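**Q** Numbered by the numbering used here, the letters in the sequence shown go through residues 3 to 553 in order.
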Amino acid sequence: MYSEKQSPAKYYVGIDVGTASVRAALVDEHGTVVAHADQPIQIWEPQPGHYEQSSADIWAACCSVTKKVVRGVDAGQIRGLGFDATCSLVVVDKQFQPLAVNCEGQNYRNIIMWMDHRAASQVERINATQHRVLSYVGGVMSVEMQPPKLLWLRENLQESCWEKAAYFFDLPDFLSWKATGVTARSLCTVVCKWTYTSDGGWDDSFWKVIGLEDLVKDKYEKIGNHVLSPGEPVGKGLMPEAAKDLGLPEGIAVAASLIDAHAGGLGVIGADVKGHNLPCENQPITSRVAMICGTSSCHMGVSETPIFVPGVWGPYFSAMVPGLWLNEGGQSATGKLIDHVVRGHVAFPELQAKAAASACSIYTYLNSHLDLIKKSLPVGFLTVDLHVWPDFHGNRSPLTDLTLKGMVVGLTLSRGLDELALIYLATIQAIALGTRHILETMETSGHRINTLFLCGGLSKNPLFVQMHADITGKPVVLSKEVESVLVGAAILGACASGDFASIQEAMAKMGKIGRVVQPAQEHKRFYDKKYEVFLKLVEHQREYRAIMNGF
3 MYSEKQSPAK
13 YYVGIDVGTA
23 SVRAALVDEH
33 GTVVAHADQP
43 IQIWEPQPGH
53 YEQSSADIWA
63 ACCSVTKKVV
73 RGVDAGQIRG
83 LGFDATCSLV
93 VVDKQFQPLA
103 VNCEGQNYRN
113 IIMWMDHRAA
123 SQVERINATQ
133 HRVLSYVGGV
143 MSVEMQPPKL
153 LWLRENLQES
163 CWEKAAYFFD
173 LPDFLSWKAT
183 GVTARSLCTV
193 VCKWTYTSDG
203 GWDDSFWKVI
213 GLEDLVKDKY
223 EKIGNHVLSP
233 GEPVGKGLMP
243 EAAKDLGLPE
253 GIAVAASLID
263 AHAGGLGVIG
273 ADVKGHNLPC
283 ENQPITSRVA
293 MICGTSSCHM
303 GVSETPIFVP
313 GVWGPYFSAM
323 VPGLWLNEGG
333 QSATGKLIDH
343 VVRGHVAFPE
353 LQAKAAASAC
363 SIYTYLNSHL
373 DLIKKSLPVG
383 FLTVDLHVWP
393 DFHGNRSPLT
403 DLTLKGMVVG
413 LTLSRGLDEL
423 ALIYLATIQA
433 IALGTRHILE
443 TMETSGHRIN
453 TLFLCGGLSK
463 NPLFVQMHAD
473 ITGKPVVLSK
483 EVESVLVGAA
493 ILGACASGDF
503 ASIQEAMAKM
513 GKIGRVVQPA
523 QEHKRFYDKK
533 YEVFLKLVEH
543 QREYRAIMNG
553 F
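#1: Spatial neighbours of Tyr318 within its chain, please: C-beta separation below 6 Å, excluding the five flanking residues on both sides.
#2: Tell me where the beta strand (DSSP E) around Gln520 begins and ends.
#3: Looking only at its own chain, which residues have a Cβ that is under 6 Å from the Cβ of Asn551, when we skip the five neighbours before and after it?
#4: Between Pro174 and Ala87, which are expected to be in contact by the criterion C-beta below 8 Å, what is the C-beta distance as a whole number of angstroms?
#5: Go through its chain and collect everything with a Cβ distance to Trp164's Cβ below 7 Å, but skip five positions before and after it.
#6: Looking at the structure shown, is Thr453 part of a helix, part of a strand, or coil, going by DSSP?
#7: Do you know offhand how far Ala355's Cα is from Val35's?
#8: Is Met3 helix, strand or coil when you go by DSSP?
#9: At a threshold of 7 Å, does Phe455 count as lining the ligand MG (C-beta to nearest heavy atom)?
#10: Give the secondary structure of Tyr169 by DSSP, where H, G and I count as helix, E and B as strand, and everything else as coil.
#11: Taking just the CA atoms, how far does Gly513 sit from Tyr13?
#12: Would you call the region 519–538 in contact with the region 471–480, where contact means no fewer than 3 C-beta pairs closer than 8 Å?
#13: Could you check how far apart the C-beta atoms of Cys282 and Arg290 are, in whole angstroms? I think they sit under 8 Å.
#14: Distance, Cα to Cα, Ala548 vs Asp403?
#15: Would you call the region 443–451 and the region 423–430 in contact, with 3 or more CB pairs under 8 Å?
#16: Whole angstroms are fine: how far does the CA of Leu217 sit from the CA of Leu2?
#17: Could you say which of Ala167, Trp209, Glu252, Pro149 lies nearest to Lys224 if we only look at CA atoms?
#18: Please confirm whether Met444 and Gly516 have their CB atoms less than 8 Å apart.
#19: Tell me which residue opens and which closes the alpha helix (DSSP H) that Gln506 is part of.
#20: Could you give the distance in angstroms between the alpha-carbon of Thr406 and the alpha-carbon of Gln148?
#21: Take the Cβ of Ala503 as the centre, count every other Cβ of all protein chains shown within 10 Å, and call the residue buried at 16 or more, exposed below.
#22: For Val92, collect the residues of the same chain with a Cβ closer than 6 Å to its Cβ; drop the 5 residues on either side in sequence, then sort them by chain order.
#23: Using 8 Å as the threshold, is the region 302–311 in touch with the region 238–250, meaning 3 or more CB pairs across them?
#24: So does the region 431–439 actually touch the region 382–396, counting three or more Cβ pairs closer than 8 Å?
#25: Near Val344, which residues of its chain fall below 6 Å by C-beta distance, leaving aside the five closest residues on each side in sequence?
#26: Would DSSP call Met444 helix, strand or coil?
#27: Note the first and the last residue of the continuous alpha helix (DSSP H) segment covering Gly495.
#28: Quick one: grab the DSSP three-state call for Arg120.
#29: Check each candidate in Gly84, Pro10, Phe528 and name the one with the smallest Cα separation from Pro232.
#30: How would you label Asn279, buried or exposed, when you count the other beta carbons within 10 angstroms and need 16 or more for buried?
#31: Going by alpha carbons, who is nearest to Ser461 out of Phe310, Tyr365, Gln49, Gln97?
#32: Verify whether the separation of the beta carbon atoms of Arg25 and Leu488 is less than 8 Å.
#33: Looking at the C-beta of Leu427, does it have a partner C-beta in chain B at a distance below 8 Å?
#34: What first and last residue would you give for the alpha helix (DSSP H) that runs through Met409?
#35: When the Cα atoms are used, what is the spatial distance from His119 to Ala510?
#36: Hey, Gly16 and Ala491: beta-carbon distance below 8 Å or not?
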């Protein structure tokens, strides 16, 4: 109930398209998630390393979850809409109909997913050019970016896809087009994944030297020649057809979108930290790193001047926070890796049964089981003889080597639940050690980082959070709203509506701190030794690969 002096609440809708699901939230002007819903989306893996999705399936899921979160809400109170999504590649023809990105000719499968590694040979050739644009992606382009995928399409599906394609969208831009009918691209997507620069635009020589001069000829119509900053209003707002599909008012503001990790960064990195006794208090936002941890993990750090970090993407100007340069480290498989290790263990059926009997998740049960077996030791010390190198899907940062493989050292013949719990713990520690490796590389290049801000699915796991604090030696800040990525998407809609003067103002007012996790400083020596072992593992992998070279 509102008193006469109170004005009705203002709401914003954030839609987040993740790897395996679409989520939507109704968020108020204070950053509180009033309602949220999610729905799974399909993934096809026609062959190893090839991952595909359907833009029709994704849009249908967007419509379904949005209708759920706005049900019963006065349409006049909904002020804006923001999208974020994975940086997957969407292909459509002149009529905006889907085009197959596969040899089977299945047109509805028109998305090459971000984690697709089919373009390994193409990215190798692109990197061999040593073109100047590569300096903005850590010196080495990732197979997960769009140029190698475009080159793969031209070389493998020229007649069925390349020649018929009228538009290649990053998924966040496809969604804003679907909502507004405007083909404008977000500065975030084209700068971070396509080699666009905020000062010079597209570099003709790059596209020509890699063999994609077709894109230059039509003045980049296919990949975007109208670029907007994240949070800027797109076109005339929500189109009638899209409004009907989504269950939203026609004409409300639609914001230029963000990649999902960047939306998570937006949702947490600008929060007011006063009174929490954190080292970043009264320090610029550049002292913080936002870590968005889900299927994969991204590490977002900003700076006032460009910092070039070997093996870390960027610097990208205004790609996340307007006016600041962004560096983005990352790990290609984190949540996916933990899931792979746990579900692939012979004791998994026993774990599943005991977790179900205890009415808790398998990870809550594993955390409790570790507390039982640790005896008088700190739980992290259980892995003194068990070490994992976590690059089961290659290394994104800071080694930029997609050919690296995972390693486990210290296995025994034991097959029980204790051993499953230990390999689970060692895997989480390996991911945290990988984060430390990324942060140290960023700091060596000039970043000054003292606090981590975590969001995403893995931030709900207290063991994952504590290991990141202990292993990096930095306090970890958790958002009051667990769904920080959705808050970030809603912040975009709030800015597009004109209710906030800037992204920075919206970040400060809508981002809220929940809990702070401090590192256990008395464990520092142990984790320093674990880190030494961690770095030795990749040295040994490279040594044995050199020995076996030629076979």
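Just so it is clear, CB atoms sit at the ideal spot from N, CA and C, and this is done for glycine as well. Here the structure is a predicted model, which is why all the values come from computation and not from measurement.
**A** This is what the structure gives:
#1: Val193, Cys194, Leu328
#2: Element bounds for Gln520: n/a, residue is neither H nor E.
#3: none
#4: 4 Å
#5: Leu155, Arg156
#6: strand
#7: 34 Å
#8: Confidence at Met3 is low in this model, with a pLDDT of 36, below 50, so the placement of that residue should be treated as unreliable; the coordinate-derived value is given next. Met3 falls in the coil class under three-state DSSP.
#9: You won't find the ligand MG in this model; it holds no ligand whatsoever.
#10: strand
#11: 15 Å
#12: yes
#13: 5 Å
#14: 15 Å
#15: no
#16: The structure shown does not extend to residue 2, since the chain spans only 3 to 553, so no value can be given for it.
#17: Ala167
#18: no
#19: 505–512
#20: It is Leu, not Thr, that sits at residue 406 in the sequence shown. If you take the alpha carbons of Leu406 and Gln148, they lie about 21 Å apart.
#21: exposed
#22: Ser57, Ile113, Phe171, Leu173, Phe176
#23: no
#24: yes
#25: Tyr426
#26: helix
#27: 486–499
#28: coil
#29: Gly84
#30: exposed
#31: Tyr365
#32: yes
#33: Here chain B cannot be found, since the structure has a single protein chain.
#34: Per DSSP, Met409 belongs to no alpha helix (DSSP H); it is in the beta strand (DSSP E), 409–411.
#35: 38 Å
#36: yes
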